[in-house]
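Enquirer: Just passing along the structure, written as structure tokens.
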Amino acid sequence: MEFKVVVFSRYGRLGASSRLRFFQYYKYVNSLFGSVVTYPLFDDEYLTDLYSHGVRRKSKVIYSYVKRLFQIITIHKYDVVIIEKELFPYFPATIERLLNFFNVKYVVDYDDAIFQMYEESSNWMVKFFLKDKINVVMNNAHIVITGNDFLFSKAKFYGAKNVTVIPTVIDIDRYVQESTRQEVPTVCWIGSPSTQKYVVELKDVLIRVCLENKAKLVLVGATTSVGDFFPDIDLEIIPWEESTEAFIIKHSDIGIMPIASTNWERGKCGYKLIQYMATGKPVVASNFGANIDIVKNECCGLLVNSDDEWYEALTQLIKDRQLSLKLGASGRERVENIYCIQAQYKQFLKVLRSSVN
Numbered sequence: 005m006e007f008k009v010v011v012f013s014r015y016g017r018l019g020a021s022s023r024l025r026f027f028q029y030y031k032y033v034n035s036l037f038g039s040v041v042t043y044p045l046f047d048d049e050y051l052t053d054l055y056s057h058g059v060r061r062k063s064k065v066i067y068s069y070v071k072r073l074f075q076i077i078t079i080h081k082y083d084v085v086i087i088e089k090e091l092f093p094y095f096p097a098t099i100e101r102l103l104n105f106f107n108v109k110y111v112v113d114y115d116d117a118i119f120q121m122y123e124e125s126s127n128w129m130v131k132f133f134l135k136d137k138i139n140v141v142m143n144n145a146h147i148v149i150t151g152n153d154f155l156f157s158k159a160k161f162y163g164a165k166n167v168t169v170i171p172t173v174i175d176i177d178r179y180v181q182e183s184t185r186q187e188v189p190t191v192c193w194i195g196s197p198s199t200q201k202y203v204v205e206l207k208d209v210l211i212r213v214c215l216e217n218k219a220k221l222v223l224v225g226a227t228t229s230v231g232d233f234f235p236d237i238d239l240e241i242i243p244w245e246e247s248t249e250a251f252i253i254k255h256s257d258i259g260i261m262p263i264a265s266t267n268w269e270r271g272k273c274g275y276k277l278i279q280y281m282a283t284g285k286p287v288v289a290s291n292f293g294a295n296i297d298i299v300k301n302e303c304c305g306l307l308v309n310s311d312d313e314w315y316e317a318l319t320q321l322i323k324d325r326q327l328s329l330k331l332g333a334s335g336r337e338r339v340e341n342i343y344c345i346q347a348q349y350k351q352f353l354k355v356l357r358s359s360v361n
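Read left to right, the sequence shown gives residues 5 to 361 (the numbering used here).
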């Protein structure tokens with residue numbers, strides 16, 4: 005029997021969370037379960053405006069909300085309902101309550117600590133009226149999917165009935181393991197305009213490492229203005245594109261992921277680390293959150309706590325070729341066993357099968 009699945013995603017394919025948590029699973033859903041219809045709340049044009057200009061057009065937001073309301077009216081046509089995070093950001097969980105009231109099972113997915121957005125808002129009205137919103141969404145869900153153990157524990161704390169962890173993963177077929185060292189030692193960071201602040205905070209260390217080792221720094225997904233923080237080094241800033249990210253990572257030597265020690269970052273799922281590891285690159289990452297579970301210090305990379313440790317770890321990996329190869333090979337193996345869609349799609353399909361209305 006073929007089932008019909010509807011996904012109320014936050015974004016289209018340009019949005020990393022939507023692409024990785026849903027879109028890449030569709031080939032398995034289509035061949036082994038049924039058909040999928042996706043209703044993104046915000047389209048790629050909205051996301052482009054947000055990343056390029058920092059603009060959220062109110063008219064676009066209003067249009068998106070009205071459109072979603074009409075899409076929800078068709079929900080009875082589908083056998084499985086999946087929601088990314090929430091149906092209407094900054095609105096009460098009224099629709100989610102109604103779905104549960106009318107016995108419509110839904111699956112809700114979280115790959116970050118979105119509850120922080122409400123619980124710790126600087127706007128007293130948001131905090132007062134919406135601090136328990138995600139609690140309500142989780143409690144009314146048939147199944148909650150989380151991207152890491154921290155989010156799993158939060159869902160359990162909020163009283164969610166059924167919770168399962170499915171990490172954010174890559175398609176291993178898109179990533180080729182590469183052990184050849186680049187002519188110029190190359191340190192790679194991949195991210196977005198919203199996360200580039202972390203690499204800027206590390207600028208003094210990165211400049212020192214690059215100058216002392218005649219190394220190159222590659223920043224993928226950062227804005228060109230970031231170049232002002234990295235004078236006098238070999239720097240390349242490359243726009244992010246889905247079609248080229250794996251190729252760029254493959255032609256680097258070390259992947260880095262600095263993050264802040266905040267509750268928001270604790271909810272992140274370490275996807276960039278998984279990308280580096282998939283190509284057999286050793287990683288250096290902040291010793292915090294999901295990074296700890298993914299890297300397993302001195303197994304697939306080095307976890308660090310301070311600028312001095314960042315400097316020592318990067319310098320060590322540039323100079324110690326055998327260590328780099330060992331960590332890189334272990335990282336690739338770990339991705340093949342856990343952090344790829346080929347290892348996780350059966351669990352995703354299991355969730356769908358248990359959520360049929």
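Where a beta carbon is used, it is the ideal one built from N, C-alpha and C, also for glycine.
Going straight from the alpha carbon of Pro235 to that of Asp208, what length do you get?
Expert: Their Cα atoms are separated by approximately 11 Å.
Enquirer: Kindly indicate the opening and closing residues of the alpha helix (DSSP H) around Ser21.
Expert: Unbroken alpha helix (DSSP H) run through Ser21: Ala20 to Arg25.
Enquirer: Straight-line CA distance for Ser30 to Leu331?
Expert: It should be pointed out that residue 30 corresponds to Tyr in this sequence rather than to Ser. So the alpha carbons of these two residues sit roughly 32 Å apart.
Enquirer: Between the alpha carbons of Val65 and Phe46, how many angstroms are there, rounded?
Expert: Using only the alpha carbons, I get a separation of about 8 Å.
Enquirer: Have a look at Ile211, Pro243 and Glu124 and flag the residue whose alpha-carbon is nearest the alpha-carbon of Tyr315.
Expert: Among Ile211, Pro243 and Glu124, the Cα nearest to that of Tyr315 is on Ile211.
Enquirer: For the alpha helix (DSSP H) containing Cys214, list its first residue and its last residue.
Expert: First-last of the alpha helix (DSSP H) with Cys214: Lys207 to Asn217.
Enquirer: Which of the three DSSP states, helix, strand or coil, is assigned to Leu73?
Expert: Correct three-state label for Leu73: helix.
Enquirer: Is the Cβ-Cβ distance between Ile252 and Val191 less than 8 Å?
Expert: Not closer than 8 Å, so no.
Enquirer: If you count every other CB in all the chains shown that lies within 10 Å of the CB of Glu246, and 16 or more means buried, which is it?
Expert: Under this definition Glu246 is an exposed residue.
Enquirer: In whole angstroms, what separates the C-alpha of Thr78 from that of Phe156?
Expert: Rounded to the nearest angstrom, the two C-alpha atoms are 30 Å apart.
Enquirer: Leaving out five residues before and five after Ser290 in sequence, what residues of the same chain have Cβ atoms less than 6 Å from its Cβ?
Expert: So the qualifying residues of the chain are Pro262 and Ile263.
Enquirer: Name the DSSP beta bridge partners of Thr190, please?
Expert: Lys220, per the DSSP bridge assignment.
Enquirer: What residues in its chain sit with their C-beta under 6 Å from that of Arg17, if we drop five residues either side in the sequence?
Expert: Around Arg17: Arg23 and Phe27.
Enquirer: If distances are taken between C-alpha atoms only, which option among Asp113, Asp232, Glu49 and Lys71 comes closest to Ile170?
Expert: Ranking Asp113, Asp232, Glu49 and Lys71 by Cα distance to Ile170 puts Asp113 first.
Enquirer: Given Ala159, which residues of its chain have a CB within under 7 Å of its CB, disregarding the five upstream and five downstream residues?
Expert: Met142, Val148, Thr150 and Val167, listed in sequence order.
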